[in-house]
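Protein chains in written order, with the working numbering: chain P, 25 to 148; chain G, 812 to 1156.
Don't be surprised by glycine CBs; every beta carbon is placed ideally from N, CA and C.
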C-alpha cells in the first residue's frame, strides 16, 4: 500500500510536470474546447482523464518502458485514446510479426484437426 | 516458436507432435503456398468472406483508378516483432520525415506485449510532426488514399479468436483488374497479394487503417470534424508549428471551418506571433459571429496588443452570448477592466 501510494504521488507529480506545458495560456480558450462535442469540461472529467493517463503510464512501465519514455509516449495520446487503452493494455491488439504467422495458422488448424481425431471417436 | 508449438502438442499425442513438427519443418513455405492456393477457391465461394471486395468488383467507383502503385515509398525490413516501428518508419519517410525504424522502437514498441499498440502508432506519428488520421473502415477509403499518393498503415489479424496474430503493414498500391493489393510487409518489399484475402484478415480488426499526413496535405477521404480532431491532437502533442500549417491546409479544403481558424490562432499565439493570432481570431469571429471562443480569444489578443477599447467591446459580446464558457469570458472581461483601470490611474 505504501509502495503504491509512493508510486502514485511520484506519477502525479511527474504528470503535473508534463501536463503543464500543454495547458493553454490563461484567458485563451483551447482548440480542443472548440471541437468538443459537449462542453463537458467538468473537473470530474479532468480528474478522470488525469487518473487514466497515470494508469496508462504505469502500465507502459510495467511492460518494459522506462519512466521517461513512458511519460513522452503518454503525453502524445489524446484523452480518448488514453481511455481506450487504460486497463486493457494486455488484451488490445499489439501488431507484431509475420515470419511465423502462416505456419502458426496452419499449426492451429492442424491442432484442431488432431484434437478432433483424438477426442471425437472417444466421445461416441 | 516451433519448439513451443511442439511442447503444446506433446500433451495430446507424442506421435502427432513428431509428425507435425517434421511436417512443418520440411514442408515449410511450400505448404503455406499450397494451403493458401487450395483455400482460395473454397473461400471465394463463401458469401461474406470479403464483402467489400465483392462490392468493388461488382461496381468500381468512377473516381478510383483501376491500378495504382507508389514506387517512392521506402521499405524498411523489420526485425523480429518490429512490424509497428518498421511500418511507421515507411509511412513517415514517405511523408518527408527522415526517421529510422530503430529510432521508432522507443516510441511505439512495447516489450511486454512483443508488439505495438494501435493508439501508440497514432501518437508516434504525431510526435514526428505528422497528422495521424484514422481513415474510414472501408476498402474504398484505403484505395482512395493510395490513389491520392498516401501510403496506408493497416492492421491485420491472421490468427483465430483464441490465438490472435496481429500484424502491421503498409499498403503502397493495388490492381483491381488482377484483384491484388500491394504492400510492404514484414520481410517482403513490395508484396502483391489477393485483395480478398487481405480484406478477410483486415476486417477481423475492424478494418483499422491510418495515414500519417504531412501538415501541408489533407487526406483524400478526410471528414471535416474528424480531421479537425486529428489536428487538435497534433497541437496538443506539443507540435504547434506543424499544427499551424495543418490548420491552414484545412482551411483550403473547408474555408469556413471554425476549429481550423481557432487552431491557427491558438498555435500562432503559442508560437508568440500575436499579430497573426489576432488576424485569425478576427476571421473566426467574422465567419462565426456567435462563437464564444472566437470572441473571447480575439478579446484576449486585442488586450495583449494594447487595443483595450476594442478588446472590451469584444469581451462584452462574448459575455453577452452566455453559455457554458461564461465563467471564462467573464474572467477575460474582468482582466480587461482591470487593465483599463490601472491605465487610468
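Cβ-Cβ separation, residue j to residue i (assumed contact under 8 Å), whole Å
| i | j | result |
| --- | --- | --- |
| residue 963 of chain G | residue 946 of chain G | 7 Å |
| residue 936 of chain G | residue 903 of chain G | 7 Å |
| residue 59 of chain P | residue 1039 of chain G | 5 Å |
| residue 1114 of chain G | residue 1146 of chain G | 7 Å |
| residue 1121 of chain G | residue 1144 of chain G | The Cβ separation is near 13 Å, so there is no contact. |
| residue 1006 of chain G | residue 864 of chain G | 5 Å |
| residue 1067 of chain G | residue 1098 of chain G | 6 Å |
| residue 1024 of chain G | residue 944 of chain G | 6 Å |
Proximity of residue i and residue j at Cβ, strictly below 9 Å
| i | j | result |
| --- | --- | --- |
| residue 1026 of chain G | residue 1044 of chain G | no |
| residue 1075 of chain G | residue 1059 of chain G | yes |
| residue 949 of chain G | residue 1012 of chain G | no |
| residue 985 of chain G | residue 916 of chain G | no |
| residue 979 of chain G | residue 895 of chain G | yes |
| residue 86 of chain P | residue 926 of chain G | no |
| residue 1093 of chain G | residue 1109 of chain G | yes |
| residue 1050 of chain G | residue 938 of chain G | yes |
| residue 51 of chain P | residue 1107 of chain G | yes |
| residue 109 of chain P | residue 928 of chain G | yes |
| residue 983 of chain G | residue 884 of chain G | yes |
| residue 961 of chain G | residue 1028 of chain G | yes |
| residue 1078 of chain G | residue 90 of chain P | no |
| residue 1073 of chain G | residue 1095 of chain G | yes |
Pick from the options that is closest to residue i, judged by C-alpha positions
| i | options | result |
| --- | --- | --- |
| residue 1105 of chain G | G:1130, G:1116 and G:1083 | G:1130 |
| residue 965 of chain G | G:972, G:1081, G:933 and G:868 | G:933 |
| residue 1178 of chain G | P:133, P:143, P:100 and P:83 | In the structure as shown, chain G starts at 812 and stops at 1156, and residue 1178 of chain G therefore has no counterpart that could be examined. |
| residue 877 of chain G | G:1099, G:1123 and G:958 | G:958 |
| residue 1152 of chain G | G:1139, G:1119 and G:891 | G:1119 |
| residue 971 of chain G | P:135, P:98, P:104 and P:67 | P:135 |
| residue 120 of chain P | G:960, G:993 and G:998 | G:998 |
| residue 860 of chain G | G:1009, G:1138, G:960 and G:928 | G:1009 |
| residue 117 of chain P | G:1133, G:969 and G:1139 | G:969 |
| residue 149 of chain P | P:106, P:137, P:56 and P:94 | A query on residue 149 of chain P cannot be resolved here, the shown segment of chain P reaching from 25 to 148 and no further. |
| residue 918 of chain G | G:907, G:906, G:898 and G:905 | G:898 |
| residue 111 of chain P | P:132, P:77 and P:93 | P:77 |
| residue 992 of chain G | G:1111, G:881, G:1155 and G:1148 | G:881 |
| residue 956 of chain G | G:1046, G:909 and G:1032 | G:1032 |
| residue 1116 of chain G | G:1095, G:1089 and G:1133 | G:1089 |
| residue 101 of chain P | P:91, P:90 and P:80 | P:80 |
| residue 1082 of chain G | G:1048, G:1014, G:1072 and G:1052 | G:1052 |
| residue 1030 of chain G | G:989, G:1017 and G:941 | G:941 |
| residue 1125 of chain G | G:905, G:1042, G:871 and G:1102 | G:1102 |
| residue 987 of chain G | G:891, G:1016, G:867 and G:1138 | G:867 |
| residue 977 of chain G | P:143, P:115 and P:131 | P:115 |
DSSP three-state assignment for residue i, whether helix, strand or coil
| i | result |
| --- | --- |
| residue 5 of chain P | Within the shown structure, residues of chain P are numbered from 25 to 148, placing residue 5 of chain P beyond reach of any answer. |
| residue 1021 of chain G | strand |
| residue 1149 of chain G | helix |
| residue 1010 of chain G | helix |
| residue 906 of chain G | coil |
| residue 991 of chain G | strand |
| residue 986 of chain G | strand |
| residue 835 of chain G | Reliability fails at residue 835 of chain G, whose pLDDT of 49 lies under 50, so the model's placement of it is uncertain and the value that follows must be treated cautiously. If DSSP states are grouped into helix, strand and coil, residue 835 of chain G belongs with the helices. |
| residue 69 of chain P | helix |
| residue 142 of chain P | helix |
| residue 1004 of chain G | strand |
| residue 1049 of chain G | coil |
| residue 892 of chain G | coil |
| residue 1072 of chain G | helix |
| residue 54 of chain P | coil |
| residue 1091 of chain G | helix |
| residue 1029 of chain G | coil |
| residue 965 of chain G | strand |
| residue 943 of chain G | strand |
| residue 886 of chain G | coil |
| residue 826 of chain G | A caution first: residue 826 of chain G carries a pLDDT of 48, below 50, which makes its placement in the model unreliable, though a value can still be read off. Three-state DSSP puts residue 826 of chain G in a helix. |
| residue 997 of chain G | coil |
| residue 1060 of chain G | helix |
| residue 843 of chain G | Unreliable positioning characterises residue 843 of chain G in this predicted model, as indicated by a pLDDT of 49, which lies under 50. A coordinate reading is not provided. |
| residue 45 of chain P | Bear in mind that a pLDDT of 43 at residue 45 of chain P, under 50, signals an unreliable position, so the model cannot answer this. |
| residue 1131 of chain G | helix |
| residue 921 of chain G | strand |
| residue 1104 of chain G | helix |
| residue 101 of chain P | coil |
In DSSP terms, what residue i is bridged to
| i | result |
| --- | --- |
| residue 872 of chain G | Looking at the DSSP assignment, residue 872 of chain G forms no beta bridge with any residue, so it has no partner. |
| residue 931 of chain G | Its beta-bridge partners do not exist; DSSP assigns none. |
| residue 136 of chain P | Bridge partners of residue 136 of chain P: none, in fact. |
| residue 804 of chain G | Limits of chain G in this structure are 812 at one end and 1156 at the other, which puts residue 804 of chain G out of reach. |
| residue 878 of chain G | G:986 |
| residue 960 of chain G | According to DSSP, which records beta bridges pairwise, residue 960 of chain G is partnered with nothing at all. |
| residue 971 of chain G | G:974 |
| residue 979 of chain G | G:966 |
| residue 926 of chain G | G:921 |
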